[in-house]
Each structure stands twice: as C-alpha cells, then as structure tokens.
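Asker: Pasting a structure below so you can have a look.
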Amino acid sequence: MTLLNPYFGKFGGMYVPQILMPALYQLEKNFVDAKKDSNFQKSFFNYLKNYAGRPTPLTLCNNLTNGTKTRIYLKREDLLHGGAHKTNQVLGQAMLAVKMKKKEIIAETGAGQHGVAAAIASALFNLKCKIYMGYKDIKRQSPNVFRMKLMGAEVVSVESGSGTLKDACNEALRDWSRNYQKSHYMIGTAAGPHPYPTIVKEFQKMIGEEAKKQILEQENRLPDAIIACVGGGSNAIGIFSDFIDEDVNLIGVEPAGQGIETGKHGAPLNHGRTGIYFGMKSHLMQSQEGQIEKSWSISAGLDFPSVGPEHSWLNSIHRAKYVSITDIEALEAFQILSKKEGIIPALESSHALAYALKLMYLDPKKEQVFIVNLSGRGDKDIFTVREILKKTEKKHESL
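For the sequence shown, UniProt numbering assigns the number 1 to the initial residue and increments by one for each residue that follows.
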C-alpha cells in the first residue's frame, strides 16, 4: 500500500516490474518522513539559499514589450547554480538518497541540464554518479557533457533506439532494476512511477511560491497568465503549483518541432493518446499499434514522447491550457530575447517566451501581465543555434 495517492485523476500510478516496488515504497516512506522532519527541511532550504542561490529574481522585460501594454516578467531560473531549475529538486533527491544510505546516483538526461544538476548534487553529497544519455544528445550538448565529467560523473552513451532521451530513460530504468539496493534513480522531471511526480513537484514548488510573492510586490496583483515550456513538465508544474487554486491562466507550451502536420513534434498532450510508459499512465505519442513514436524538438530537453501525469490531469479537467510552438518560432524568440534584453534563454524556455510574444502581438493594446518561467540559460544551446543560423544564411546566399 502506498502512503500517498499515486494518481492524478486517472493518470499516474506505478507501472514498473515487481522487483522495483520495494525501492519505490522505500523512497515514498523516506519522502513522507522528510516532509515532517524539520531538520531535513531546514537543511534543504539552507542548500537552496546558500548553495544554489535562491530566491531567483523576477525580471520585467521593458525592451521586449516596448510599444505594447503587455508586461512580461521572467522568473529567472537561469540564474540558479547549474543554470536551470533542475538544481532545486536534485538537492532534495540527493538528500533523500543519503537518508536511505544509497551510495550511487543513476540519472538520465536529454539537454544535459538534469545531468549537470545530478553531477552537481552527487559531487556535493559525495555520491557516485552514472548518467545515461542518448548518443545524439551527447553530440548536440557537448558542453554539458564536459561539465558532468568535470564534476566526476560517468556519462554512458546510449546507442539503442533513436539515441535520445526516451532511450536514455529506458537504460537508466534497467540499470536501477539491477542495482536499486545501492542506487537511487534520480529522475529529472515530474514524470515516471509514483512517488516521483509528487516528489519532483514538492522540490520545485518554491518557483511558484517565490513568483507569487514577487509579482504581488511588483504589480500588487496576480498575473493574467503563467507560461512555461513542457517536456516532462517539471519547471511548469513547479511554477504552476502555487497558482492552481488562483484565478490565473496556466499555459504549458509543448514543442511542435518541424510542425504538427509533419509528425515531427513532441506534443503528446494535444496530439497523443493515454497509455503506459516510463512507469506511469499519461499522454504519450504512440502508433495505432501502441508502439512509442519518436518525438522531435530543436530542444533536446523537450524531446520526450510523454509528459508528467499531473499535466495530463490538469489538461483533462481544463485547469491548464496546453499549446505548441515550432522550432522556428522558438529560435526567433531565442534571438529576440538575446538582442532586446541581453538574456540568452535555453531553447526549452524559448518555446514559452515565443507563445507569450504571440499572445502579446495578438492584442498589443490590451493591458496584461504575463510571467514566463525562464527555466534555464542558453549557453548549452549556442552551438546548436549557430549551426542552424549558418545553414540558413547559406540557403539565403544561394537564392
């Protein structure tokens, strides 16, 4: 029996081999205990403040909105130690691993942000760290791979399947099945079997709590909308968490990749079906025969065929709205924010920003306040963007 409800509506659950059930029960028990343990909580918030650098700022973008009546704020998770929101929850999970007397961290990563965060936390807590990563992601995120190795992590290249995040997830889960007695599987997003979606939300909810306090201080009111990108959905569920019961529009932005009509996208909430994958029941991209379909995004971090179960539930009850943005639109937003505000966003976050800009230009005279969760910085993406822009310039020269 679980101590907490493993479901969000009909989504969630624990769809894993029987051998892993004791490890999940142990993790849930220690998580429940940690929530009640004042020493654990005090230590966690001390690490967030004095190691990771919380609270992160809420930045108003005056140049970006010039000529309109929209006010766009960025929740600056890009300024957190490690360069992304990922650091929040890995500190909590590493503390749980120590509490459970585990000696090794197993993780998987796509864009490398979670891999870097897992390496950071493992180094801090003196834990051995093994990170699975698709061979394609290793190529397009080489700076982050170097960072992981610098901090002592072993990066395992996954050659099977499409060589991306979904294949890395499968390999990490297989490793954990063999080694769960000594290892903790540090899942990087609000997905996977219970209790991971609940744990990750708990360790990311301070994003929403801080954002609410900061927007009330700066605007003396709540925003009209919170906008965040959605791959697995951890940054989105983190900033949504303190606004779910408020009269605020919650907007999640999935990657439309090369265009929904091409089939090369990563938008399971609007263009997938309910199924079982990665130990959970949620929306996922699958063929008519039920086979997992390959996802696609310019952003490795959003290149995931499923989504966290709470997002599926919020979508099903119409509490949150989920839309999609193409690679080209995200790339434009990446460049606009860099030029207008001197902030280079992660390609993941560029999807959320692109949708905020789209809403702004639909009605430039409308007075409205948006918060965009800038989930990570774009340093890791500059080489990818440079190569794409080079190809675009050559194409134009040949015309």
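Beta carbons: idealized from backbone N, C-alpha and C, even for Gly.
(1) Quick check on Leu359: does DSSP put it in helix, strand or coil?
(2) Quick one, are the C-beta atoms of Ala123 and Gly152 less than 8 Å apart?
(3) Taking Ser324 as the reference, give the member of Thr164, Ser160, Ile260 with the closest Cα.
(4) Pull up the distance between the alpha-carbon of Ala346 and that of Glu367, whole angstroms please.
(5) Evaluate Ile226 with the Cβ neighbour count: other Cβ atoms within 10 Å of its Cβ, from every protein chain shown; 16 or more gives buried, anything less gives exposed.
(6) DSSP puts His283 in a beta bridge; with which residues?
(7) Kindly provide the ranges of any alpha helix (DSSP H) runs that are 4 or more residues long and lie completely inside the region 213 to 257, ordered along the chain.
(8) Sorted by chain position, which residues of the same chain lie with C-beta nearer than 7 Å to Ser287's C-beta, five sequence neighbours on each side aside?
(9) Could you give the DSSP three-state label for residue 413: helix, strand or coil?
(10) Short of 7 Å in beta carbon distance, which residues of its chain neighbour Pro223, apart from the five on each side in sequence? Order them along the chain.
(11) If you run the structure through DSSP and keep just helix, strand and coil, what is Gly134?
(12) Lys35 and Leu3 - do their beta-carbons sit closer together than 8 Å?
(13) Please report the Cβ distance between Ile251 and Gly208, rounded to the nearest whole angstrom; I am assuming they are in contact, meaning their Cβ atoms lie under 8 Å.
(14) Identify the continuous beta strand (DSSP E) that holds Glu108 and give its terminal residues.
(15) Whole angstroms are fine: how far does the CA of Arg178 sit from the CA of Thr164?
(16) The beta strand (DSSP E) spanning Arg71 covers which residue range?
(17) If we count Cβ pairs, one from each stretch, closer than 8 Å, do we get three or more for the region 330 to 348 versus the region 261 to 277?
(18) Would Arg386 be called buried (16 or more neighbouring beta carbons within 10 Å of its own) or exposed?
(19) Buried or exposed: where does Tyr73 fall if 16 or more other Cβ atoms within 10 Å of its Cβ makes it buried?
(20) Please look up how many angstroms separate the CB atoms of Tyr132 and Val156, rounded, as I've assumed it's under 8 Å.
(21) Quick check on the burial criterion: 16 or more other C-beta atoms within 10 angstroms. Buried or exposed for Tyr361?
(22) Pick helix, strand or coil for Asn159, following the three-state DSSP scheme.
(23) According to DSSP, simplified to helix, strand and coil, what is Ile207?
(24) Checking 8 Å against the spacing of the C-beta atoms, do Ser312 and Leu269 come in under that value?
(25) Enumerate in chain order the residues of its own chain whose CB-to-CB distance from residue 400 is below 6 Å, with the five nearest sequence positions on each side excluded.
(26) Name the residue from Tyr277, Ser297, Trp296, Val32 whose alpha carbon lies nearest to the alpha carbon of Leu309.
(27) Could you please give me the residues that DSSP links to residue 402 through a beta bridge?
(28) Which residue or residues does DSSP assign as beta-bridge partners of Tyr7?
(29) Looking only at DSSP bridge pairs, what is Cys129 linked to?
(30) So, with DSSP's three-state summary, where would you put Pro345?
(31) Between Asn63 and Ala52, what straight-line distance do the alpha-carbon atoms span, to the nearest angstrom?
(32) Taking the C-alpha atoms as reference points, what is the distance between Arg377 and Asn235?
(33) Is the region 322 to 339 close to the region 85 to 95, with three or more CB pairs under 8 Å?
Answerer: Reading off the structure:
(1) helix
(2) yes
(3) Ile260
(4) 27 Å
(5) buried
(6) His283 is bridged by DSSP to Thr274.
(7) 234 to 240
(8) Glu293
(9) The displayed coordinates of the chain run from 1 to 399. Any statement about residue 413 would go beyond what the structure contains.
(10) Ile215, Val248, Val369, Phe370, Ile371
(11) strand
(12) no
(13) Not a contact, Cβ separation roughly 14 Å.
(14) 104 to 109
(15) 22 Å
(16) Secondary structure note for Arg71: its beta strand (DSSP E) is the uninterrupted segment 70 to 76.
(17) no
(18) exposed
(19) buried
(20) 5 Å
(21) exposed
(22) Residue 159 is actually Glu in this sequence, not Asn. In this structure, Glu159 counts as coil in the three-state DSSP scheme.
(23) helix
(24) yes
(25) Because the chain in this structure spans residues 1 to 399, residue 400 falls outside the shown range and cannot be described.
(26) According to the sequence shown, residue 309 is Pro rather than Leu. Checking every option, the nearest Cα to that of Pro309 belongs to Tyr277.
(27) The structure shown has nothing for residue 402, since the chain only spans 1 to 399.
(28) Gly12
(29) Ile105
(30) strand
(31) Taking the straight line from one Cα to the other gives about 29 Å.
(32) 13 Å
(33) no
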